[in-house]
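Numbering (the numbering used here), first residue to last: 150 to 587. In what follows, a structure is listed as structure tokens, so that the remarks can point back to it.
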Amino acid sequence: MLRALADCNNFFASCERALNPALQGVPIVVLSNNDGCVVARSAEAKVLGIPMGAPFFQVRRLCETHGVHVASSNFEVYGDFSNRVMEALAEHARDIEVYSIDEAFMGFPDLTDEQAFVLGHSIRNDVLARTGITVSIGLAPTQVLCKLANELSKKDPKTSGVYLMPTDVAKRLELLRSIPVDSLWGVGKGTASRLRAYGVITVADLAEIEPERIRSFAGVVGERLALEVRGVPCHGIVEESSPRQSILSSRSFGNPVTQRDNLAEALAHHAFRASEKLREDGLVAGTIVAFARTNRHREDQEQQDAEAVIRLDPPTHDGRRMAAAITQAMDAMWIPGFQWKRAGVYLADLSSSGVTQPGLPGLGPAEPVQRRKLMEVMDALNAEHGKDAVRLASTGLERIWKPKAERLTNLTVKNAPAEVVKPEGDSRVKRTRIRFHE
DNA sequence: TCTGGGGTCCTAGGACCC
DNA sequence: TCTGGGGTCCTAGGACCC
């Protein structure tokens, strides 16, 4: 089977440009939450030498000097673009696995090299025409090789955005000999240094070593990698997404929080946000962890973590119950005298809601009817009138803990076509696994 | 002054049991 | 000084990804 990885180029920056055609040719930078770091750069911004992940305050001058358009990230809008890209991709593939907000693996029946090229280009053209987003296509027999092919397509302008990994094994090995093993998907710093210690320097080295031997020093992860670069698929294209195992809602504060009440409000807010995601997926949680941290980057300040772990018995998806539990836990959690920079709520021990567990007396339906109804009504109102249209009083009125987002693209009728902001429903692409991050 | 927010999977080691 | 052997389950933390 032939596989492909389609990956949107400079995705968030491309979305901003698609929303505002006046940005054609203008360097664009998109900032992370709280306007903290650079998380996406248009090609022009890369040329200016703005590094990925740079704290914005370090590149602010550079941006001003060169007239860079700087945008706060707007994940709702990027999610809509993503949906439309994935729908277009799905029409071309036999199987599709939406891997992240801007990437999808696709499966095709076997094709000749010629056919693969033609297919790659027609996918690219179609997605561009329908969404305004440019994708790069890497074609190969395994997902790890697809990743590599995709990178090569982006690096080399001659490929015009479509790269097919050589099907001839000797040719492929020759190519892989020039690629360092740490550029592989799944090889980070730790694995790279372990591999180096055993003489595995290039991807070809990995392809030539006995997979069983790899296992002794790089574990099953290394073994799978070795097989994949040989062209033996270990990852299938997963169309059915498995249920989530954890949910996190957290943010940095626009300004450090020093008052207990403000931290409590922020945590109640995150608890409710997390509970919304839980209900969306039809799950209940058995454990909440509420946490707060001081600013790791301030070496002049004493650091502190605060954490409260709360068991929910029976498990729940009731945001009110969670917020109340956290409010109670504040006594144990609160440590005065620190400047809290970030806080959040983590949900674990997730299981399907409405399921009674056999053999466990007392574990009836997850929630009493009236509690469920209340959440349903709140979710419905917020879906219709926008996030936070109705919210828990415990999340506060002033909300001085809110993160910064000072450069949000103004979605007026003029620059936001209706179908961009509110795409057609009924996507046939399963997106339950999609995660809204870059 | 100012530094993101999600996730998954694997492993090692401890608790516990027979 | 010396003090079994094996199995399972759970958890914390590391590594990695986007």
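Glycine included, every Cβ here is placed at the ideal spot set by N, Cα and C.
In this chain, Arg540 is not harboured by any beta strand (DSSP E), its DSSP state being neither H nor E.
Judged by beta-carbon spacing, Leu344 lies within the 9 Å limit of Val336, meaning their Cβ atoms are closer than that value.
Annotation for Gly468: no beta strand (DSSP E) segment contains it, though the alpha helix (DSSP H) segment containing it runs Gly468 to Met482. Between Val234 and Val284, the gap from beta carbon to beta carbon is short of 9 Å. Given a length threshold of 3 residues, each whole run of the beta strand (DSSP E) inside the stretch 304 to 330 is given here in chain order: 311 to 313. Buried is the label assigned to Leu461, since at least 16 other Cβ atoms lie within 10 Å of its Cβ.
Annotated three-state conformation of Lys490 is strand, per DSSP. Between Leu412 and the set Arg470, Ala492, Asp259 and Val178, the nearest pair of CA atoms involves Ala492. Per DSSP, the beta bridge partners of Ile286 are Ala155 and Val311. Contact between Phe421 and Gly468 holds: their C-beta atoms lie close to 4 Å from each other, under 8 Å.
Cβ-Cβ distances below 6 Å link Pro290 to Gly380 in the same chain, with the five nearest sequence neighbours on each side left out; the list follows chain order. Taking C-beta separations shorter than 6 Å and ignoring five residues to either side along the sequence, the partners of Ala353 in its chain run Leu322, Leu325 and Arg326, following chain order. With 16 or more other Cβ atoms inside 10 Å of its own Cβ, Val433 counts as buried. The way I'd put it, the stretch 238 to 247 doesn't touch the stretch 202 to 217; fewer than three beta-carbon pairs between them come closer than 8 Å. Beta-bridge partners assigned by DSSP to Ala441: Ala455 and Ala492.
The beta strand (DSSP E) runs of length 3 or more contained entirely in the stretch 241 to 281 are, from start to end of the chain, 244 to 249 and 252 to 257. Judged by DSSP secondary structure, Gly339 falls outside any beta strand (DSSP E) and instead within the alpha helix (DSSP H) spanning Lys338 to Ala346. The beta carbon of Asp528 sits closer than 7 Å to the beta carbons of Glu425 and Arg428 from its chain, once the five residues preceding and following it are set aside; these are given in chain order. Bridge partners of Thr436 according to DSSP: Arg460 and Ala497.
Excluding residues up to 5 positions away in sequence, Phe487, Gln488 and Trp489 lie with their Cβ nearer than 8 Å to the Cβ of Thr407 in the same chain. Contact check for Val188 and Val179: beta-carbon distance about 6 Å, within the 8 Å limit, so the pair qualifies. Contact between the stretch 158 to 168 and the stretch 180 to 200 is present: 3 or more CB-CB pairs across the two stretches fall below 8 Å.
Scanning its chain for C-beta atoms nearer than 6 Å, with the 5 sequence neighbours on each side dropped, one finds around Trp483 the residues Arg409, in chain order. In this structure, DSSP gives His215 a state outside helix and strand, which the three-state scheme calls coil.
In the displayed model, Leu427 falls within a helix according to three-state DSSP. Here the C-alpha atom of Val217 lies approximately 26 Å from the C-alpha atom of His446. Under the DSSP definition of a beta bridge, Pro204 partners with Cys186.
For Asp259, the closest of Val539, Met150 and Ile475 by C-alpha to C-alpha distance is Met150. Its chain contains Glu414, Ala417 and His418 as the residues whose beta carbon lies nearer than 6 Å to that of Thr544, once the 5 sequence neighbours on both sides are disregarded; these appear in chain order.
Counting other Cβ atoms within 10 Å of its Cβ, Leu333 reaches 16 or more and is therefore classed as buried.
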